[in-house]
Structure formats: structure tokens, C-alpha cells
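Structure first, then comments.
Here is the structure:
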């Protein structure tokens, strides 16, 4: 489909990043090979590239990442602690990365572990505040000037790392992609910022497995007027993402992201259950069992079950590559702001109502065709 | 979605038909209740309607229906044997039905068992014929005048009952819906006929379960560029349809209808296997297990399996009602010919390339919206 | 297999009981019929028996049953509150039941909802006690005299209803079957009591579905030396039992009962996960998905998954009938004490090491054959 | 369990064999590695052993192996064609193998592809013969002298390769294990021969996956008196065994072997369906979906489904090693004739009625314990 699209070639990209754990890319790849996710021979073929990549990775920041992530961390920047200083430090690294590698532009992709829900903007907590304080936070949520002041206040950051990186990137005119369900650039204030800086952003949470299936199957039930009574989804896997999501605080963010779309597609709220459990032996093999209980004509209950057995990393990785290439294409075509046409990549596309996968993909098709003209 | 559409109410319809078995609707409903497909109390509520319906059912015709169906038949019209006479007799019944019930219009829906492949137009057999004979059959296939002569020739019919009913209906200006994979009105000659007579038709083969799932899931693999290596589908069920499909000749027609769409959606031909087996204890509960073996990034094989447990009759029945109402709406809106906008109802929509379910449904949405204006 | 066994006929039994909810057996049966678990016609056939049964049901006692059960209760005995008084009241009802119905013997079967773990004997709490207090509790756990004093002390009961009923029954020489994972007659003190009173008892927790499957499948992995790395079991259902188990305190007792046997059969402890979730639409249809990850020769990981779709009540009911008949047979054959030969009926057979289902069943076969001689 | 058993060590064995295809063990192992069945590093570790093994493999015989196997064959012995000459040639190879490797004893294991049903002893064909001819064949089936004459007659062999190898081995006093469902040493005449020559034998058809599951699950339904209405099993896989079983003649032998045991365990004949299909992409990963439809108390139908995803070769290989070690142990303990105690290894244990896996395993346990004394 993209044959006629002038997509930037992958060879035009240089990859670098921040990381809070020691260890090399080669070790990570070998871990995946031991889990039967990738072929050992494939690692051998690209080992020099992996080593070169290690050299472009610097220590990152922990902020509101949750205690499981903090326990995993063994090399991170703890020399600065205020939001302002962290953003300054991130921006310094971004500038240096661009300069050292002679880059026209930098795209920041958030691939950190899922963060706990950001309590500062949490609805439950907002409800308990004074009218005045609530209005202040709403202003911060929606207007960049207010949000910016919040970030620059002297206190330790009230938002988590994902949002600090988003702010750092967009302020510099870099693009920002949030591949996780963390807050990132979700507040509407960031759309204002992106447009101001001629930058682009999108998220949240790459749609790779069970939720992809939901966004594919739910339209069938809607269009056939089959009433979904309950939709149960159990997810088990054993990679590092699984370790983090085993913490209830981090899991809450993820479950919310996996769950909302059914109601949006169906137009009513069936009973749902989403579990995510860490099962060590599975490694990267994310296995999901979904049980969908529905009724049709005359109310007889019927059942659809599916089991999805996929390699989490292998399903996510190509989406990250495609997002980078499409974001860069958007820049070259002078698009700025929130990239709604990338909705099909995300479990919770920011500010997009359409949750059905095929219709989201059609949106991408239309944009691509417009770009080709 | 259809709230603003002026769809004909079901109360405007009168149902009658042809049948080749004895036995009442109430008995059939009770059989379904014993199979746990419908609630016995529901039958009690409509028993008078069911009895009234029995009175509007007349004996039908057997022609190329296959030996299993012939064995089931215990009341059918055997007083005429040529295609011409059968068509005349069907038309007489249609006229009488309209007159007796004071109807403005009649829609004929083919709900007969799947017929064996029609050998007269079978590609394998065509290949063995003389050039002249092949050209004659192509002419018959595509032009109504030639097809009409074929039907009116003195010999016993070379096409099966589904096509005789289609011809009888459309010649009278009645509409024809083919809810089975039998030949019906598939030859392009019937489009010419329908337009000539201001009639409408569509088919083939109601998309109710496993194939519906295929048309929903295959676009996901295509849009995510996940290479489907094999797609295996095993169907087991125990209703009368299952008995008929247990005959390899009838089954061949059905399997072809369940299988083609993957290649059309994916753009390549994965290894496929479709089995349909009669398992008595299941009754109307059609159970399908599909195993989809695919590979993504770096070629690691992954698996999606699903099990569909649905009541065959309950999934099919509302589609038949909807097709009747939409066909009548089309008539009132002066549409004539082949109703492509109904593609989402069929496994093998006649002459329609799009096999993805959501895109087919969008076609219906667009037509409905156009009708509302 | 039991053709030659002189099992008591069901017609020899009279059924009565204690209940803490209002409502008739007919209403409960109709609820099951609405959930498609039983045939409405079957209820019609036995409606007089059901009504007669209602008349033999008296209000029961709540004690340590947990807040969910307390919320459900709408008719229970609240006129007495000490353990001693409750036991006296239960015994008065048992004596009256035997007398009114002219019975030779009474068998008490505990079918109450699962109770929270009994904290008085909980290992975690014991560990925090003084040496002296721990020894006192150990004495109570193992010797009837000490346990009896504990029950007769003036304070409100430290054990839950299941144990009060067990004590009341066995002291009277009635038999006691614990069909739930609650404490019941588990303390060894009850074996002493049963022998003293010529009574019989057994439990715990009827083995009806997923755990039955575990006790059938785990021996296969053990005997083929296939190393089970993880065994995940997700249970969903929507009957009243499901409501109670949705409370984490009650659920903890159940999960422990469903989980221990794998380690006993395999001889090592794989990672396990057991979830039990209330999904309203399923009603009595308990659905379990188990994912077993194992490795064989050369360490390649393989997978077995199963889905069990059974009616909880229909799987449990015949076990209760069989247990009653076998217990009465044991009495007639002068057996007294703990009935180890009934192990195959229970998830957690009291004091029995063998957890494999077939070997448990062989134990029953041997006992039956011995009884036949 | 076998810790106290003085089982022969694997190091005491030397492996050689006959093969009808070219290609090395290393190539076969690499093929398995490409199919993700084994780890490439494991092959590297034993490559010298694999090469040494190649040197001990000689061309084998084709006889009644079926056309698919014949098409695969690219190096076989075609210099002799009568049964007598083939047996002589096999025996010469066996003697040389023992002598060259200085072996005390040789065990022959049949690992050839499944052969078509042997028509000479097929019941359907027997029924069409004269009384005299039927009696002659019965004599051959049951008495070694008659079978021996049949083999020594001048005509081309009426039995297939598996039986020729069995005869060659047992006549020499070598042991014979039939790991396939082919005829092998099934005729009772071979038991006479084995005892005469102080040799041992057993078969048929290694029980590795779906049928193992059947022999584990069917006793549960029997012991719980759950009536199995239908048992459907679909097997898909893509190794060379799958290619052979795709031929209906070879498949018939296999399906019979996978199907009979349900009736034997349950005591009645549910409707069954066993399919075996070649799906190339699966390679060695044999996937089985079984759907078991059963009814319990009050006749409500319930369902158990399982999906087995195992590496065919890795499940079979350790059984072959164990069979060799146990057979050699039996020789050292002076056991001779048919080894019934090995029944748990086979789908169709010759002349053994017990088909339940756990009870078969107990038979092995009892024999092992007797050997330890």
C-alpha cells in the first residue's frame, strides 16, 4: 500500500536513547533468543550495530516511575531533582545527540515501563480539592503557559518522567511519540506547545496484541447487533514489562488503557475483566485468553474465545519503526500538532473517538493518499 | 444506526414458502428447543403464528439438490420435470401467494440446503468441451436471452433448483436473495434480467459464523503486515444443514464459499484447510476452531486460535429478516439490479471484490445515508 | 461398577436442612433454568417434591461466614450467639428432624458458602503467639477434649459455622461431610470425636471442574517426566457462589484448596496462578481456562491449554448424592472415623496424600470390592 | 521413581540403523532447529556424535510402505525382492552390526513411517475369502510355523516392511519394539516366536500427544459417570510424518490407532472424529484441538476443549530411549515374550485391554518394583 509513498528510509535514521539499567543491547537480544523470541543467528548478523547502539545510550531519569522500576534501575541520573533541571538536562542531551550525529531532526519515543497513574491530575483526587485549586489544575491541563509554570516551579516534579521527556522534546521542536499508557503528552496543553514549536506528537500505548484484537472484533459485534454481555481478557507473560505490570499501581494505568475501547465501539458497557499476570516461564511470549459472552436473536447466549500467542517485543518493534518513519514524513510534509492519522497504532489514541481498527487504518490510508498527491 | 432510516416494518411482511419435507414449524422450533438453541417459552408465545405459517407453505421442487436432500424429502412436486414447467409452476405459486395475501411485492429468499456444484458451468468440465460449446455456455452465462433459451429447452434442467427459483422470481419482477452458496442468480445473465424487470437480487451464502470471523480478522493481518502462513478452520455441528454438508458433493460448494476470501483480503494465498463435519450431539450449536499461524518481524512464528460457539439458526435468522427489509427499502427507493451494498451479509457477495467485513459494512452505511437524504 | 454393591437407595433418604436466605427451592431451580443449566420441564415434573422440601428447611446460623454472606442473609437464627448455644440449637434441630421423619440416622453435608480462613488456627497468626498459647492451640487442634472446651467457653465462637455444625453433628453420632473448603471437621480432634461417637466424616471441597482436571492431568506430566514450568488457571462464573468468592477473604480459602495438589502430585512447585472471578452473564456456567507451560526432552517449551465449560451445580449435585449413599453404606458396614476412601470426591481430602484422581478412585474401588465380600 | 532401579545406562548403547533416504542426522537436526523444535546450540554440541551415527546407517527396505514413502526414498535396497531374501539381508546387517560394535544384544525399534493397512490380514478382505483360505490365514496369524512358511514362500512379500523387520529381529533373538501403528509383530505368531528365541517385543504406536491425552482424560469421564456424546480430535502438523499421513491409505492405519481406546475406556462408543492434516508451516509442532461434548446430571450438555502444542519428535524421542533401556533391563532379568508392562508407552498396546494411562503406568511401577527386589 505504501509503495508509492515517499517514506523516509530506515537508513536515514540514527538511534540513541536514555536508559536506567546497565547492560548491552546484545545481552537483551540474547535474553530474547533464550526465550525463543528471536533467532540467535539474527543477533550474530547485527552484533556490530548493537554495540554501536550501546555507545549512543546515556543514563536516563527516574521520576514517578514506581518502586518496581526504581528497584530495576542501576544507572540513572540522580544529580538533578527538580522538573526544571531534569528538562534542561534532557534537552542538553537531545541537542548533543543531534549535533554529534549531524541530524536534521530528532523524534523522541517513550518506551519506558508503564508509570503509575499521575495523581496530580487524577479525577478522584481533583474531586477532593477546592474549587479554586481544581480550576488551576484545569488551566494547567489545557494551556501550555500554565503547564510550563507548573513544570518550572521549584518543587520536585508532580508529573512523571514520561511527561518531562514530552515537554523537553516538544519545547525543542523535537517530535514525541508515547508508546506507553503513561501520561506523556496527553494534556491538551501539549497540543498547543507542539503547534507553537512546529512539532508533532501522538500516543498512547502501542496496540500490539489483545487490545488490537478487541479493536478488530468489537466492531463485528456492534455491526451485527450482537449484544456483548461480558468480555473477559487474561494476559500472561514473563518479560520485564510483565515484572513492572505485576505492581498494582503500574498495572492500573495499563488496564485502563486496555479496557475503555469496548464501550466506545459498542456504545454500551458490558461487564469486563482485564488481568495482566507475570508468568516467568513465558518470557516474551505474551499469551492472552479472551472469553466473549454475547447474545443474539431471541437472547440465546453464545461464546467466542480466542487465544493469542505472540512475541510482545516482535509485535511492538515494527510499530516503533513505522511510527518514526511516518512522523518524519509528516514533518517533511509540514504537518504539525497531534497526528490523529496514527490512531491505528495506539490502544488509547489521544483525543480520537474512533476505536475500530479498520476505520482507524482507513484514516491512515486517506492521509497517506493525500501525501502522495 | 438505522434509527433515521425509514425501513419497512416487519409487520408489513407476510411469510410463505416452498418446502420439500413434511412437518410443522412448531415441530422444527421444538427440535431447536431440545438442542438448547431457543427457549421453549418463546415457542409457546408464537405458536399461533407458527401454525398460520404452516398454512402458507406448499410443496417445492427438487432439481440437482443432491442425494442426501432427496432422501430427506417426503413431500415435493414431482408432477413436472422440465425446467420450463418447474419455472411456470413456481411462478403460478408466486402469483397466487401475492394475490391471496394482497401483496404489493414478493421477495424470494433461497434457504434450501447447499446444492452440489453445477457441473454444466463448472470450469473443469468447460475445459474439456469444444471451442464452440464453450462459447455457447459463456453466452448463456452472461446473456439472459441465451440463458432463457437454455431453461426453456425441452430436456431436464441442467441447472439446480436454486437457479430455477431465481429465474422464476426475477422474470416475474420479484426480488431474489440467495442465502446459500448454491448457483442461484450468480450468472451475470441474471443482472441483465433483474434490470429488465425492475427487480433486485443479491447473494451468496449468509455470513454468520466462522467466515464472518475470517472477514473480520484477515484485514488485521493484512494491515499489520503479519504474514499468514496457514489458516486452518474446523467446523462441527449437528443440525440438518450438517447432515447435507456431510455429503462431499454438497460440502465442496460450501468449502469453496468459506475459503476464497482469505486470498482476496490478504493478497496472497496462505495454506488453508476448511473442514465441516456432522457431529450429532451438537445440534444447532455450530462450533468452529480456527488456528492461524502467522509470522511478523524477524520471522518468528506466532499463533492465534479462536473457538466460536454459536447457534447456527439464530445467527442466520435475523440476517434473513434484515435482507428482506433492506431489499424492500431498495425497491421503494427505485433501486434495481444487483444490490452490492448488501455485501456484508454474504460469504461470497456476487461480483464484489471487497471481502473485509468492516469495509463492506461501511458500504451499507453509505447507501443507507444516501437513502435517508 | 457399583452394580453388585448394596448401596442404599435414594428413596430411603429424607432431605432437610438449614438455610440463611428466604426463597423456595422452586425459585432457585427456576433461576438455574433461566441460566440454561436445567430444563424448565424438569422442574415442572418435581415441583411437589421441591415444595415438600421447603417445609423441611429451617433458619441456620451465621458465624464467621464473611460479610458478603451476611449481606445475602435474610432469615437466620440470631437468638443465640455463643458457640455452645449454637451447637445446642443445631443439635435440637437434628434430633427433631430425625424424630419427625422417623430416621435411623442423619448425615450432615456442609454446602454453605466458602468461609474466610479461620484466623484462630492460622499459621501466620500462630507464629506471633507466645509458646504457651501456641501449645494450647495445638492441643485444641489435635485433641477433642481441648477443642470441646474451646467450643464451650463463654465467648463468641472463634471457629466458623462449618466447624460448629461439624461438632454438633459428630457429637450426636451423626455423620459430617464438608463439601466446601471451609475448616469444618479438618482439625484432627474431630477424628477422635468421630471414633468416640461411632460416626463418620470426610471433606474438604467437592472436586467438580478445574481442580478435577488438575488431578487428572498432573499425573500425566509426572509420569512422563515433563517438567511443568507454570500452570495458570482462570475461573469465571456468575452464580451465588461466584458472588461470595468475589470477596478476597472468602476467595483465599478457595484458591488454597485449588492450588496445593499440583505440588503434591508433581513433587516440585511450578509457578501457579489461580483466579476466580464473578462474571454475571455466565450464571451457573463455570468456565475455566488453564494454560500449562511445560518442557520435555532438550528443554523446548510446549503448551497445553484447556477450556472447561460446565454447570457448577450439575457437576456438584450428583457428588453430594453419592457421598450420602456411600457414607450410609459405610455406617451399615460398621466403618467409623475418617473416610479416606472418599478422597476422589474432594479437592483437599483431609489427611490424604494421594491427589491423583485415578489412584484415588482405585482406593474407592478397593473399598467397594471389600464391602461386597 | 526409577532411582533404585538398575536401568542400563545410555552410554552402554550403540545406535545404528536402516534408512531409505539420503541425508545426514545433522541435516535432520538442523531442519528441526529451523522449525524451532530444538536449539541450534544443542546440535553444535553433539555434531561429532551425529556424524559418527551417520556411519552406522545402511540402506533399508521398502515393502508395502505406500507410494508417498516410495516417492521420498532415494537410497534403498532394491537388490532383493522376496520376503525371504529381505529377511536374510536384514539379519546379515544385524549380525554385522553386533559384531562390528562388539554388542551383547541388539534391540530393533521400528521408527518407519506408518504403513497402509496390511490387506492380507484385513478383516474386510478375509470376509470375502473361501472358508479354507480364511482358516489358512488364521493359522498363519496365530502360529509361527505357518507364518514362517508364508514369509518363506517365493512370491513378493504379502506383509509390509515392519513385519519383515520384526521377523528378522526376533528370529535372531533380537528384541523388537514397534513405535508405529504398522502391523509389525502384532500377529500372535510373533509371541510364540519371541518365546522360542528368548526374545522380547512390544508395540504398537508411541503414545505421545493427543492420544496420550485421551488415555488420561477418558478415565475421568468414566469414573464420574459423565456420558461422552462426541469426541472430536483435529491434528495438524508439518513434518515428514505429516506428509506420509496425508495419504489416505497410510492415514487409515493411524486413525484406527488413535480412535479405538475411547470405547475401551468408556465402555460405550461415542461419536468420534479424528483428522490428521499436513500443515507445512507448523513443522514438527503438532497441534491438536479436541472438543469433548458430554452430559452429566439431568442431561445438560457440557464441553471440554483442549489444545495441545507439542514438538512431535521431542515427545517421541525420550520414549524410544526409555523403551530401549527397559527392554534391555527385561532381558537382564530373564523376561521373555510380550512386554505388557510397557503398555503405557503405546497407543495400541498389543493384546492389552487396559487403555487408561495411569493404570498402565501402575503396571510399569509394579514390574519395576518386582525387578528391584
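Residue numbers (my numbering), protein chains in the order written: chain R, 1 to 373; chain X, 374 to 746; chain W, 747 to 1119; chain F, 1120 to 1492. Just so it is clear, CB atoms sit at the ideal spot from N, CA and C, and this is done for glycine as well.
Take the Cβ of residue 35 of chain R as the centre, count every other Cβ of all protein chains shown within 10 Å, and call the residue buried at 16 or more, exposed below.
Position 35 of the first chain holds residue 35 of chain R. It is buried - the Cβ of residue 35 of chain R has at least 16 other Cβ atoms within 10 Å.
Please name the residues in the segment 1011 to 1026 of chain W whose beta-carbon is closer than 7 Å to at least one beta-carbon of chain R, in chain order.
1017, 1019, 1021, 1023, 1025, 1026
Using a cut-off of 9 Å between C-beta atoms, extract the partners of residue 805 of chain W located in chain X.
Counting from one through the third chain, the residue named residue 805 of chain W turns up at place 59. Per Cβ cutoff of 9 Å: no residues; residue 805 of chain W is ~34 Å from chain X at best.
Listed by chain order, chain X residues near residue 359 of chain R by CB distance under 7 Å
Residue 359 of chain R sits at position 359 when you count from the first residue of the first chain. Neighbours of residue 359 of chain R on chain X, chain order: 731.
Which chain R residues are close to residue 1420 of chain F, counting only those with a beta carbon under 9 Å from its beta carbon?
On the fourth chain, position 301 is the one that residue 1420 of chain F refers to. What residue 1420 of chain F touches in chain R: nothing, since even the nearest Cβ is about 14 Å away.
Should residue 1405 of chain F be flagged as near chain R, meaning a C-beta pair shorter than 8 Å?
Within the fourth chain, numbered from 1, the residue matching residue 1405 of chain F stands at position 286. It does not: the Cβ of residue 1405 of chain F has no partner Cβ on chain R nearer than 8 Å.
Interface residues of the segment 23 to 43 of chain R facing chain F [CB-CB below 8 Å]:
36, 40, 41
Unbroken beta strand (DSSP E) run spanning residue 549 of chain X, endpoints
Within the second chain, the letter at position 176 stands for residue 549 of chain X. Residue 549 of chain X -> beta strand (DSSP E) spans 548 to 551.
Considering only residues of the same chain and omitting the five flanking positions on each side of residue 427 of chain X, which have a CB-CB separation below 7 Å?
Position 54 of the second chain, counted from the first residue, corresponds to residue 427 of chain X. Answer for residue 427 of chain X: 397, 398, listed in chain order.
For residue 674 of chain X, three-class secondary structure by DSSP:
As a first step, residue 674 of chain X is located in the second chain; it is residue number 301 there, counting from the start. Strand, per DSSP.
In the DSSP assignment, what are the bridge partners of residue 1041 of chain W?
Counting from one through the third chain, the residue named residue 1041 of chain W turns up at place 295. Per DSSP, W:973, W:1047.
7 Å Cβ cut-off: residues of chain R touching residue 982 of chain W:
Walking along the third chain from the start, residue 982 of chain W turns up at place 236. Residues of chain R passing the Cβ test: 232, 291.
Using a Cβ-Cβ cutoff of 8 Å, what residues of the segment 951 to 981 of chain W are near chain C? List them in chain order.
Among the protein chains of the structure shown, namely R, X, W and F, there is no chain C.
Between residue 1280 of chain F and chain W, is any beta-carbon pair separated by less than 8 Å?
On the fourth chain, residue 1280 of chain F is found 161 positions in, with the first residue counted as 1. It does not: the Cβ of residue 1280 of chain F has no partner Cβ on chain W nearer than 8 Å.
CA-CA distance, residue 1307 of chain F and residue 1338 of chain F?
As a working note, residue 1307 of chain F is residue 188 in the fourth chain. As a working note, residue 1338 of chain F is residue 219 in the fourth chain. Cα to Cα, residue 1307 of chain F sits roughly 28 Å from residue 1338 of chain F.
Just to confirm before moving on: does the CB-CB distance between residue 1415 of chain F and residue 1345 of chain F stay below 8 Å?
For the purposes of this step, residue 1415 of chain F is taken as the residue at position 296 of the fourth chain. For the purposes of this step, residue 1345 of chain F is taken as the residue at position 226 of the fourth chain. Taking 8 Å as the Cβ cut-off, residue 1415 of chain F and residue 1345 of chain F qualify as a contacting pair.
Going by alpha carbons, who is nearest to residue 1029 of chain W out of W:827, W:758, W:778?
Your numbering for residue 1029 of chain W matches position 283 in the third chain. Measuring from the Cα of residue 1029 of chain W, the nearest candidate turns out to be W:778.
Using a Cβ-Cβ cut-off of less than 7 Å, give me the residues of the segment 1052 to 1064 of chain W that come near chain F, in sequence order.
1052, 1053, 1054, 1055, 1056, 1057, 1060, 1061, 1063, 1064
Work out the CA separation of residue 741 of chain X and residue 549 of chain X for me, nearest whole Å.
Taking the first residue of the second chain as 1, we reach residue 549 of chain X at position 176. Taking the first residue of the second chain as 1, we reach residue 741 of chain X at position 368. So the two alpha carbons sit approximately 20 Å from each other.
Answer yes if the segment 968 to 986 of chain W comes into contact with the segment 1015 to 1029 of chain W, meaning at least three C-beta pairs across the two stretches below 8 Å, and no otherwise.
yes
Own chain residues within Cβ distance below 7 Å of residue 1138 of chain W, not counting five before or after:
Residue 1138 of chain W lies beyond the range of chain W shown here (747 to 1119); nothing can be said about it.
Interface residues of chain W around residue 1423 of chain F at Cβ under 9 Å?
Counting from 1 along the fourth chain, the entry for residue 1423 of chain F is found at position 304. In chain order: 959, 1052, 1053, 1054, 1055, 1056.
CA nearest to the CA of residue 1442 of chain F, picked from F:1140, F:1209, F:1226, F:1181:
What you label residue 1442 of chain F is simply residue 323 of the fourth chain in a count that begins at 1. It is F:1226 whose Cα lies nearest to the Cα of residue 1442 of chain F.
Where in the segment 937 to 988 of chain W do unbroken runs of the beta strand (DSSP E), each at least 3 residues long, occur, reported from the N-terminal end onward?
Complete beta strand (DSSP E) runs here, min 3: 946 to 949, 973 to 983.
Just reading off the alpha helix (DSSP H) that residue 1172 of chain F is part of, what are its end residues?
Against the fourth chain, residue 1172 of chain F aligns to sequence position 53. It spans 1166 to 1173 - the alpha helix (DSSP H) in which residue 1172 of chain F sits, taken as one unbroken run.
Run of the beta strand (DSSP E) containing residue 278 of chain R, from where it starts to where it stops:
Stepping through the first chain from its first residue, residue 278 of chain R is reached at position 278. First-last of the beta strand (DSSP E) with residue 278 of chain R: 271 to 278.
Say whether chain W places a C-beta atom closer than 8 Å to the C-beta of residue 1243 of chain F.
Locating residue 1243 of chain F in the fourth chain gives position 124, counting from the first residue. Not an interface residue.
Which two residues bound the contiguous alpha helix (DSSP H) that contains residue 248 of chain R?
For the purposes of this step, residue 248 of chain R is taken as residue 248 along the first chain, with counting starting at 1. From DSSP, the alpha helix (DSSP H) with residue 248 of chain R extends over 248 to 266.
Specify, as a first and last residue, the run of the alpha helix (DSSP H) that residue 903 of chain W falls within.
Locating residue 903 of chain W in the third chain gives position 157, counting from the first residue. From DSSP, residue 903 of chain W is part of no alpha helix (DSSP H); its letter is neither H nor E.
Residue 897 of chain W touches chain R at which residues, Cβ-Cβ below 8 Å?
Reading the third chain from its first residue, position 151 is the one you call residue 897 of chain W. Here the premise fails: no neighbours, minimum Cβ distance about 40 Å.
Inter-residue spacing [alpha-carbon to alpha-carbon] between residue 1105 of chain W and residue 1477 of chain F:
Numbered from its first residue, the third chain carries residue 1105 of chain W at position 359. Numbered from its first residue, the fourth chain carries residue 1477 of chain F at position 358. Residue 1105 of chain W and residue 1477 of chain F: Cα-Cα distance of roughly 8 Å.
So residue 1136 of chain F and residue 1199 of chain F are in contact, right, with Cβ under 8 Å, and what is the actual spacing, rounded?
Here residue 1136 of chain F is taken as the residue at index 17 of the fourth chain, counted from 1. Here residue 1199 of chain F is taken as the residue at index 80 of the fourth chain, counted from 1. That pair is no contact at about 18 Å.
Since residue 437 of chain X contacts residue 533 of chain X with CB under 8 Å, what's their CB separation in whole angstroms?
Within the second chain, numbered from 1, the residue matching residue 437 of chain X stands at position 64. Within the second chain, numbered from 1, the residue matching residue 533 of chain X stands at position 160. 3 Å between Cβ atoms; contact.
Rounded to whole angstroms, what's the CA-CA distance from residue 113 of chain R to residue 147 of chain R? Just pull it up for me.
Indexing the first chain from 1 puts residue 113 of chain R at position 113. Indexing the first chain from 1 puts residue 147 of chain R at position 147. Their Cα atoms are separated by approximately 24 Å.
C-beta contact flag for residue 307 of chain R and residue 285 of chain R at 8 Å
The count along the first chain starts at 1 and reaches residue 307 of chain R at position 307. The count along the first chain starts at 1 and reaches residue 285 of chain R at position 285. Taking 8 Å as the Cβ cut-off, residue 307 of chain R and residue 285 of chain R do not qualify as a contacting pair.
Which partner residues of residue 288 of chain R appear in the DSSP bridge assignment?
Locating residue 288 of chain R in the first chain gives position 288, where the first residue counts as 1. According to DSSP, residue 288 of chain R bridges with R:235, R:308.
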